[in-house]
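All residue numbers for the sequence shown refer to the working numbering, where the first residue is 11 and numbers rise by one.
Have a look at the structure below before the remarks.
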Amino acid sequence: MAASIRSTSMPTRPHPISEQVKECLNQLKQWEDQSLPSTSSSLCTGFSRLCGLYQSIDDLLQLPQSTQQDLADKGCVDEVLECSIRLLDAGETASDVLLQIKDSLEDVQMALRRRSGTDAELQKSMKTYISLKKMISIKQKTVIKSLKALKKDKCGFSSADDEPMAVVREAMSISINVIELLLSYFSASSKTASVKGCAVLKWIGSGRVACEEEAKKMNEVERVDAFLSALYSQKSNKLEEKAQDVQELLKSFIGSMQGIDDGLNLLQRRLIQTRVSLLNILSH
Numbered sequence: 011m012a013a014s015i016r017s018t019s020m021p022t023r024p025h026p027i028s029e030q031v032k033e034c035l036n037q038l039k040q041w042e043d044q045s046l047p048s049t050s051s052s053l054c055t056g057f058s059r060l061c062g063l064y065q066s067i068d069d070l071l072q073l074p075q076s077t078q079q080d081l082a083d084k085g086c087v088d089e090v091l092e093c094s095i096r097l098l099d100a101g102e103t104a105s106d107v108l109l110q111i112k113d114s115l116e117d118v119q120m121a122l123r124r125r126s127g128t129d130a131e132l133q134k135s136m137k138t139y140i141s142l143k144k145m146i147s148i149k150q151k152t153v154i155k156s157l158k159a160l161k162k163d164k165c166g167f168s169s170a171d172d173e174p175m176a177v178v179r180e181a182m183s184i185s186i187n188v189i190e191l192l193l194s195y196f197s198a199s200s201k202t203a204s205v206k207g208c209a210v211l212k213w214i215g216s217g218r219v220a221c222e223e224e225a226k227k228m229n230e231v232e233r234v235d236a237f238l239s240a241l242y243s244q245k246s247n248k249l250e251e252k253a254q255d256v257q258e259l260l261k262s263f264i265g266s267m268q269g270i271d272d273g274l275n276l277l278q279r280r281l282i283q284t285r286v287s288l289l290n291i292l293s294h
């Protein structure tokens with residue numbers, strides 16, 4: 011009697027690139043859970059992981075199965091393409107904000123190096139920086155409001171999405187979160203005037219060590235703002251005493267800004283590449 015052979019279909023294994031995309035998403039979600047309060051280091055990590063996700067998504071879009079037939083709902087693709095354009099615009103705004111702050115702080119740094127007593131140039135550069143931060147705070151609120159609307163309208167999940175489109179939407183949703191964090195980070199100031207004054211008293215030399223912990227809770231931007239605001243109102247002898255400390259603080263902060271700028275620029279390039287890949291799929 012002939013043996014009966016039963017055909018057993020093996021479960022389809024996910025493509026390694028799909029697994030890589032999932033791993034990148036998991037790493038980003040872990041980062042989001044730990045990214046508050048924002049610091050230059052946490053933002054650089056966020057940009058690095060986000061750029062890695064976009065690279066994996068681009069690899070996914072290059073697979074043979076990522077064809078126009080797979081991206082059946084052209085309306086969903088159009089929404090994602092529109093989202094990418096508006097994200098690029100927001101990224102440009104964030105880049106402009108970063109450059110303005112960097113230039114302004116470099117002016118303060120230069121004025122500190124060549125000041126004499128209560129040098130008018132130093133006072134002017136610090137006043138310009140303080141005014142710039144107020145302007146950036148207003149701009150930040152407008153851009154973040156626009157990004158939140160974009161996330162709700164264009165980057166939400168759709169039942170018509172296949173895997174590539176679902177992960178592209180999720181990546182863009184996370185991109186919005188990262189840019190929001192970046193804008194909030196650079197527009198941040200000390201939470202209250204009393205906290206600001208308290209936090210810098212020890213640094214200026216008053217001896218009130220009880221406020222040291224409050225200073226530690228500030229991120230780099232808040233610390234720079236607090237120190238410059240305090241110096242702006244100090245007498246010349248206090249400026250003289252702490253000029254070197256301020257320069258070291260500014261040098262460190264300006265250096266960290268370069269890392270953020272590099273991450274933001276790379277994210278912009280990854281977004282452009284994702285747009286190109288989607289447009290290529292639609293054109294075939």
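Every residue gets a Cβ at the ideal spot worked out from N, C-alpha and C, and that includes glycine.
Starting from residue i, trace the alpha helix (DSSP H) in both directions and tell me its first and last residue.
i: Asp129; result: Element bounds for Asp129: n/a, residue is neither H nor E.
i: Thr55; result: Ser50 to Leu71
i: Leu241; result: Glu230 to Tyr242
i: Pro26; result: Pro26 to Gln44
Can you tell me the Cα-Cα spacing of residue i and residue j, whole angstroms?
i: Gly101; j: Gln278; result: 7 Å
i: Leu97; j: Val153; result: 10 Å
i: Met267; j: Gln40; result: 23 Å
i: Phe57; j: Val178; result: 16 Å
i: Ala240; j: Leu259; result: 14 Å
i: Cys61; j: Gly269; result: 14 Å
i: Ala181; j: Leu281; result: 10 Å
i: Leu193; j: Asp272; result: 15 Å
i: Glu254; j: Ile140; result: What sits at residue 254 in the sequence shown is Gln, not Glu. If I take the Cα positions, the gap works out to 20 Å.
i: Leu38; j: Thr55; result: 9 Å
i: Cys93; j: Asn275; result: 18 Å
i: Ser287; j: Met175; result: 12 Å
i: Gln133; j: Leu142; result: 14 Å
i: Lys161; j: Ile189; result: 12 Å
i: Ser28; j: Ser185; result: 19 Å
i: Gln44; j: Ser50; result: 13 Å
i: Asp68; j: Lys158; result: 25 Å
i: Met120; j: Lys144; result: 22 Å
i: Val205; j: Ala236; result: Confidence at Val205 is low in this model, with a pLDDT of 49, below 50, so the placement of that residue should be treated as unreliable; the coordinate-derived value is given next. If you take the alpha carbons of Val205 and Ala236, they lie about 9 Å apart.
i: Leu292; j: Ser52; result: 36 Å
i: Leu191; j: Pro47; result: 9 Å
i: Gln283; j: Ile95; result: 12 Å
i: Glu173; j: Asn187; result: 21 Å
i: Asp99; j: Ser156; result: 11 Å
i: Ser105; j: Asp113; result: 12 Å
i: Leu115; j: Gly265; result: 11 Å
i: Ile148; j: Arg124; result: 32 Å
Ordered along the chain, which non-local residues of its own chain (more than five positions away) have a Cβ less than 6 Å from that of residue i?
i: Phe263; result: Glu230 and Val234
i: Asp298; result: The requested residue 298 is not part of the displayed model; the chain covers only 11 to 294.
i: Ser169; result: Bear in mind that a pLDDT of 49 at Ser169, under 50, signals an unreliable position, so the number given afterwards is only what the model happens to contain. Cβ within range, chain order: n/a, list empty.
i: Cys34; result: Gly62, Leu63 and Ser66
i: Met228; result: none
i: Thr103; result: Val153
Skipping 5 residues on each side, what residues in its chain have a beta carbon closer than 7 Å to that of residue i?
i: Phe196; result: Val107, Leu108, Ile111, Ile146 and Val231
i: Gln150; result: Leu193, Ser194 and Ser197
i: Asp129; result: Ala121
Beta-carbon within less than 8 Å of residue i's beta-carbon, same chain only, minus the 5 sequence neighbours each way: which residues are those?
i: Tyr242; result: Gln133, Met136, Lys137 and Ile140
i: Leu122; result: Leu132, Ala253, Val256, Gln257 and Leu260
i: Leu91; result: Arg285, Leu288 and Leu289
i: Leu73; result: His25 and Ile27
i: Val31; result: Leu63, Ser66, Ile67, Leu70 and Val177
i: Arg59; result: Cys34, Gln37, Leu38 and Trp41
i: Leu238; result: Val118, Met136, Tyr139, Ile140 and Val256
### Message
What ranges does the alpha helix (DSSP H) occupy inside the segment 140 to 198, keeping only unbroken runs of at least 4 residues that lie completely in it?
### Response
Uninterrupted alpha helix (DSSP H) stretches at least 4 residues long and entirely within the segment 140 to 198 occur at 173 to 197, given in chain order.
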